[in-house]
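Q:
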Amino acid sequence: MKLILQIAAGVLLALGVLVLGAAIIEQYEVYKLEQKLVAIKEEQLAKEALRKRQAELALQQKIEARKVKILAAEEKRKKIAIQNERNKAKHDAWIKFFEPREDCHQYQNDEHMVDCVEYRNKKKSEFESQYRAGL
Numbered sequence: 002m003k004l005i006l007q008i009a010a011g012v013l014l015a016l017g018v019l020v021l022g023a024a025i026i027e028q029y030e031v032y033k034l035e036q037k038l039v040a041i042k043e044e045q046l047a048k049e050a051l052r053k054r055q056a057e058l059a060l061q062q063k064i065e066a067r068k069v070k071i072l073a074a075e076e077k078r079k080k081i082a083i084q085n086e087r088n089k090a091k092h093d094a095w096i097k098f099f100e101p102r103e104d105c106h107q108y109q110n111d112e113h114m115v116d117c118v119e120y121r122n123k124k125k126s127e128f129e130s131q132y133r134a135g136l
């Protein structure tokens with residue numbers, strides 16, 4: 002009977018060790034799965050942070066590109082305004098400089114028209130030379 006009790010105790014002990022081993026293995030599997038889940042979450046967070054950063058950079062690049070366009074447009078507008086002022090000043094100077102001949106207000110014939118146009122062109126050339134020299 003003592004032997005039966007010893008065998009039964011051994012079987013119970015072995016069964017306990019097996020159950021305990023199975024529980025430890027199960028806990029280890031749960032631990033590995035939790036670690037894997039944590040790694041996946043960290044990877045997802047890293048990817049999301051990267052996507053967010055890329056979106057922020059893309060937006061910043063769009064903003065910078067828009068600023069560059071605005072500055073270029075403003076610079077172009079200023080250059081056009083300056084050129085318009087120069088053109089107006091030159092035109093005003095031409096109006097002051099050029100006095101058409103009295104007989105050229107109305108053309109008498111083709112030869113007279115050619116003569117008046119040549120006179121105007123000659124005066125225009127003189128004006129251009131003097132205007133460039135004055136600048």
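Just so you know, our numbering puts 99 at position 98 of the sequence shown, and the rest follows in order with no gaps.
A virtual CB, placed ideally from N, CA and C, is assigned to each residue, including glycine.
Quantities reported herein were computed from a predicted structural model and do not represent experimental measurements.
Quick check: the Cα distance between residue 31 and residue 51, rounded to an integer number of angstroms?
A: The residue labelled residue 31 in the question sits at position 30 within the sequence shown. The residue labelled residue 51 in the question sits at position 50 within the sequence shown. Their Cα atoms are separated by approximately 30 Å.
Q: Leaving out five residues on either side along the sequence, give the residues of the same chain with a beta carbon under 8 Å from the beta carbon of residue 126.
A: Along the sequence shown, one-based indexing puts residue 126 at 125. No residues qualify anywhere along the chain.
Q: Do residue 133 and residue 120 count as a contact pair if the criterion is CB distance below 8 Å?
A: As a position in the sequence shown, residue 120 is number 119, starting the count at 1. As a position in the sequence shown, residue 133 is number 132, starting the count at 1. Contact: no.
Q: State the DSSP-derived secondary structure class of residue 92, mapped to helix, strand or coil.
A: Counting from 1 along the sequence shown, the entry for residue 92 is found at position 91. Of the three classes helix, strand and coil, the one that applies to residue 92 here is helix, per DSSP.
Q: Run through DSSP, which three-state label would residue 108 get?
A: Taking the first residue of the sequence shown as position 1, residue 108 is located at position 107. Looking at residue 108 - three-state DSSP - the assignment turns out to be coil, as it is neither helix nor strand.
Q: Expressed to the nearest angstrom, what Euclidean distance is found between the alpha-carbon atoms of residue 24 and residue 8?
A: By 1-based counting over the sequence shown, the position of residue 24 is 23. By 1-based counting over the sequence shown, the position of residue 8 is 7. If you take the alpha carbons of residue 24 and residue 8, they lie about 24 Å apart.
Q: Given this structure, state the Cα-to-Cα distance separating residue 45 from residue 38, to the nearest angstrom.
A: Residue numbering aside, residue 45 sits at position 44 when the sequence shown is read from its first letter. Residue numbering aside, residue 38 sits at position 37 when the sequence shown is read from its first letter. Their Cα atoms are separated by approximately 10 Å.
Q: Is DSSP giving residue 99 helix, strand or coil here?
A: In the sequence shown, residue 99 corresponds to position 98, counting from 1. Correct three-state label for residue 99: coil.
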